[in-house]
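Enquirer:
There are 2 protein chains.
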Amino acid sequence: MFLGSKKGSTFALDNFVKHKSQTIMSIQKKEDVTYELIINTAKNLFFKEGKFNATTQEIADAAGVNRTLINYYFRSRNALFDLVFEEGKKEDERRQRMIVMSDLPIREKLELFIDYFLAQAKTYPYREVYMLTQMIKDEFCVYDKKEHIKYMTQKFYVELEEEMEKGTIQKMPPIQFMLNFISMLIFPVAMRPFLQNNFELDDKEYDKIISERKEVILKTVFTN
Amino acid sequence: MFLGSKKGSTFALDNFVKHKSQTIMSIQKKEDVTYELIINTAKNLFFKEGKFNATTQEIADAAGVNRTLINYYFRSRNALFDLVFEEGKKEDERRQRMIVMSDLPIREKLELFIDYFLAQAKTYPYREVYMLTQMIKDEFCVYDKKEHIKYMTQKFYVELEEEMEKGTIQKMPPIQFMLNFISMLIFPVAMRPFLQNNFELDDKEYDKIISERKEVILKTVFTN
DNA sequence: GTTAAATTTGACAAAATTGTTAAATTTTAT
DNA sequence: ATAAAATTTAACAATTTTGTCAAATTTAAC
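Same order as they appear, the protein sequences are chains S and Z. Residue numbers for the first sequence follow my numbering, beginning at 84 and rising by one. Residue numbers for the second sequence follow my numbering, beginning at 84 and rising by one.
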């Protein structure tokens, strides 16, 4: 592996490149298991356990590696955080593509999206909140969407408007429909500790409630 | 003012007592403007600007006071954070009481709640997220609701069920109705940076969308 | 106005956290 | 098997952040 150097120290520069654009250099060397290990551990700490401000030591301990390996592979703590965030963004886009791209009927698209989200939320309950807090911290970090996604989103909005004409969903600006849908789906999961406290529900009760969300949302969103 | 001492240092112990239970000692001495100033500055930093991890120095600077006054008045950084959190909890309860206590018809109760929340969100957009992250951090901090609130909440649920019988709202477990309502109201505000990015909306567009939320929510929630 | 109490300040200590470096170890290619 | 490259480690330096203390200043009471 090629070694870059800066003021005499060595870095796994190759890794930076490789992992930034996996398509170009996809030769998986045995060594970057550590790289993956660290980034996955960080992801788990952030998304699973909600430790949004984990120190490098905490991350290293959780991963069972030497702390300075974080510097070796990611240059700085911040760079690691950013990387996890970027992966999160990609996942967001994947999700959005899913709902927008397939040519299923609207209702099935939405069902698919609900299932996908709820499944993911089981493993990563704090994903959305982490993304949010990072965004707040970094004070704007504009997503630049690909043109074809924008185009498909437009197309999806038209589909929604058609449904509204048919009367299967309430008439409103498509974006408002999306906000309703997304809110009812994500909020109860993302804000769980907040809501569970506010409504004084125990874990079992809340799990049950979440499991019923899919039907409730569909019933609320579709008028038939 | 009585001074407590610990290892020779002096603390405004009286303040701790006074502000913990304002009813008992409500003699507002001129000096605790500083106390209030610090706590309000912290609140603004957290709720307005989303600086959830502000250092004591940052808070002190924003308040224009010496950093160590935070130790003098609040003992530790953590204690200050907890205090802000506790005030937030009280506000949550106030809000819940509002919706549950009044004997307005359901629809007006909900409208009142929406207005109240949206107004508050204008000054404190990150309030809910701060509360959430604190809860996640502290790993559970059970609200202990007063009995009469629980009672009134039950009563409110019965009212909801009556509306469902009448057919003005969809039939579903009352808690699910509440989750729908709360989600559609809070999520678009609390997750604004997240959503604004995802849907690629500029500030003006998003403001407009928020201003339309009230009508949209009511339309979605009431079937007539 | 003087005194005592309360508040504010700056200097300092302690702790926590990150980043650097060179040396040690492991892996890979020949 | 050996040499070069890559990885890991531990010691160290630098920085950031919190908390303590005693002295200085301000305020309130008499």
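A virtual CB, placed ideally from N, CA and C, is assigned to each residue, including glycine.
1) What does DSSP give as the partner residues of isoleucine 121(S) in its beta bridges?
2) On a Cα-Cα basis, can you pick out the residue from Lys297(Z), Asn307(Z) and Ala273(Z) that is closest to lysine 131(Z)?
3) Residue ranges of each alpha helix (DSSP H) run of no fewer than 4 residues wholly in the segment 195 to 271 of chain S, ordered along the chain?
4) For phenylalanine 305(Z), list the residues DSSP reports as bridge partners.
5) Is phenylalanine 264(Z) closer than 8 Å to glutamate 211(S) when the C-beta atoms are compared?
6) Along chain Z, which residues have their Cβ under 9 Å away from the Cβ of aspartate 290(S)?
7) Is the separation between the beta-carbon of methionine 267(Z) and that of serine 266(S) shorter than 8 Å?
8) Sort Met184(Z), Lys173(Z) and Ala137(Z) by Cα distance to isoleucine 232(Z) and report the nearest one.
9) The segment 113 to 137 of chain S: which residues have C-beta closer than 8 Å to a C-beta of chain Z, in chain order?
10) Count the other CB atoms, across all protein chains shown, that sit within 10 Å of the CB of alanine 202(S); report buried if there are 16 or more and exposed otherwise.
11) If the cut-off is 8 Å on Cβ atoms, which residues from the segment 170 to 185 of chain S count as contacting chain Z, listed in chain order?
12) When burial is assigned at 16 or more other CB atoms within 10 Å of the CB, is asparagine 123(S) buried or exposed?
13) Closer than 8 Å, CB to CB, is leucine 215(S) near chain Z or not?
14) So aspartate 175(Z) and asparagine 281(S) are supposed to be a Cβ contact under 8 Å. How far apart are they, rounded?
15) Check this for me: beta carbons of phenylalanine 260(S) and leucine 243(S), under 8 Å apart or not?
16) Would you tell me roughly how many angstroms separate the C-alpha atoms of glycine 250(S) and phenylalanine 305(S), rounded to the nearest one?
17) How long is the line joining the alpha carbons of threonine 206(Z) and glycine 147(S), rounded to whole angstroms?
18) Quick check: what's the CA-CA separation for glutamine 253(Z) versus glutamate 141(S)?
19) By DSSP, does leucine 187(S) sit in helix, in strand, or in coil?
20) Can you list, in chain order, the residues of its chain whose CB lies under 6 Å from that of tyrosine 209(S), leaving out five sequence neighbours each side?
21) So, at 7 Å on beta carbons, what are the nonlocal neighbours of glutamine 111(S) in its own chain, with the 5 sequence-adjacent residues on each side left out?
22) Methionine 218(Z) versus chain S: which residues are under 8 Å apart at the beta carbon?
23) Contact check, leucine 300(Z) vs isoleucine 258(S) under 8 Å by CB: the rounded distance?
24) I'd like to know whether the C-beta of lysine 302(Z) is nearer than 8 Å to at least one C-beta of chain S.
25) Looking at chain Z, is there any beta carbon in it that lies within less than 8 Å of the beta carbon of phenylalanine 270(S)?
26) Step through the CB atoms of chain S and report whether any lies within less than 8 Å of the CB of leucine 262(Z).
27) Indicate the three-state DSSP secondary structure (helix, strand or coil) for alanine 162(S) in the structure shown.
28) Starting from isoleucine 258(S), find everything on chain Z with Cβ-Cβ shorter than 7 Å and list it in chain order.
Expert: Walking through what the data contain:
1) Here residue 121(S) refers to the residue found at position 38 when the first sequence is read from its first residue. Bridge partners of isoleucine 121(S): none, in fact.
2) In the second sequence, residue 131(Z) corresponds to position 48, counting from 1. The shortest C-alpha separation from lysine 131(Z) is found at Ala273(Z).
3) Complete alpha helix (DSSP H) runs here, min 4: 210 to 221 and 230 to 249.
4) For the purposes of this step, residue 305(Z) is taken as the residue at position 222 of the second sequence. Bridge pairing for phenylalanine 305(Z): Ile252(Z) [DSSP].
5) Mapped onto the first sequence, residue 211(S) falls at position 128. Mapped onto the second sequence, residue 264(Z) falls at position 181. Between glutamate 211(S) and phenylalanine 264(Z), the C-beta spacing is not below 8 Å.
6) Start at 1 with the first residue of the first sequence, and residue 290(S) comes out as number 207. What aspartate 290(S) touches in chain Z: nothing, since even the nearest Cβ is about 13 Å away.
7) Stepping through the second sequence from its first residue, residue 267(Z) is reached at position 184. Stepping through the first sequence from its first residue, residue 266(S) is reached at position 183. For the pair methionine 267(Z) and serine 266(S), the CB atoms are nearer than the 8 Å cut-off.
8) As a first step, residue 232(Z) must be located in the second sequence, where it is residue number 149. That would be Met184(Z), whose Cα lies nearest to the Cα of isoleucine 232(Z).
9) Of all residues in the segment 113 to 137 of chain S, Gly133, Phe135 and Asn136 have a Cβ within less than 8 Å of some Cβ in chain Z.
10) Here the question's residue 202(S) lines up with position 119 in the first sequence. The residue is exposed, with fewer than 16 neighbouring Cβ atoms inside 10 Å.
11) Against chain Z - using a Cβ distance shorter than 8 Å - the residues of the segment 170 to 185 of chain S are Asp175 and Gln179.
12) Within the first sequence, residue 123(S) is the residue found at index 40, counting from 1. Under this definition asparagine 123(S) is an exposed residue.
13) Reading the first sequence from its first residue, position 132 is the one you call residue 215(S). Put simply, the CB of leucine 215(S) is near chain Z, with a gap under 8 Å to one of its CB atoms.
14) Taking the first residue of the second sequence as 1, we reach residue 175(Z) at position 92. Taking the first residue of the first sequence as 1, we reach residue 281(S) at position 198. Confirmed, Cβ separation roughly 6 Å.
15) Taking the first sequence and counting its residues from 1, one reaches residue 260(S) at position 177. Taking the first sequence and counting its residues from 1, one reaches residue 243(S) at position 160. Yes.
16) Position 167 of the first sequence, counting from 1, holds the residue named residue 250(S). Position 222 of the first sequence, counting from 1, holds the residue named residue 305(S). Between glycine 250(S) and phenylalanine 305(S), the C-alpha separation is close to 9 Å.
17) For this step, residue 206(Z) is matched to residue 123 along the second sequence. For this step, residue 147(S) is matched to residue 64 along the first sequence. Answer to the nearest angstrom: the Cα atoms are 44 Å apart.
18) For the purposes of this step, residue 253(Z) is identified with residue 170 of the second sequence, where counting begins at 1. For the purposes of this step, residue 141(S) is identified with residue 58 of the first sequence, where counting begins at 1. Roughly 48 Å between the two C-alpha positions.
19) One-based indexing of the first sequence puts residue 187(S) at position 104. Leucine 187(S) falls in the coil class under three-state DSSP.
20) Reading the first sequence from its first residue, position 126 is the one you call residue 209(S). For tyrosine 209(S), where only same-chain residues beyond five positions count, the Cβ hits under 6 Å are Phe130 and Gly133.
21) Taking the first sequence and counting its residues from 1, one reaches residue 111(S) at position 28. Reliability fails at glutamine 111(S), whose pLDDT of 36 lies under 50, so the model's placement of it is uncertain and no value is given.
22) Start at 1 with the first residue of the second sequence, and residue 218(Z) comes out as number 135. The answer, in chain order, is Pro276, Phe277 and Asn280.
23) Sequence index remark: in the second sequence, residue 300(Z) carries index 217 (1-based). Sequence index remark: in the first sequence, residue 258(S) carries index 175 (1-based). Correcting the residue type first, residue 300(Z) is isoleucine in the shown sequence and not leucine. Contact flag wrong, Cβ pair sits at about 14 Å.
24) For the purposes of this step, residue 302(Z) is taken as the residue at position 219 of the second sequence. Taking Cβ atoms only, chain S reaches closer than 8 Å to lysine 302(Z), which makes this a yes.
25) The residue you call residue 270(S) lines up with position 187 of the first sequence. At least one beta carbon of chain Z lies nearer than 8 Å to the beta carbon of phenylalanine 270(S).
26) In the second sequence, the residue the question calls residue 262(Z) occupies position 179. Contacts with chain S at 8 Å (Cβ-Cβ) include leucine 262(Z).
27) Taking the first sequence and counting its residues from 1, one reaches residue 162(S) at position 79. Reduced to three states, the DSSP call for alanine 162(S) is helix.
28) Numbered from 1 along the first sequence, position 175 holds the residue referred to as residue 258(S). Taking a Cβ-Cβ threshold of 7 Å, the residues of chain Z close to isoleucine 258(S) are Phe282 and Ile292, in chain order.
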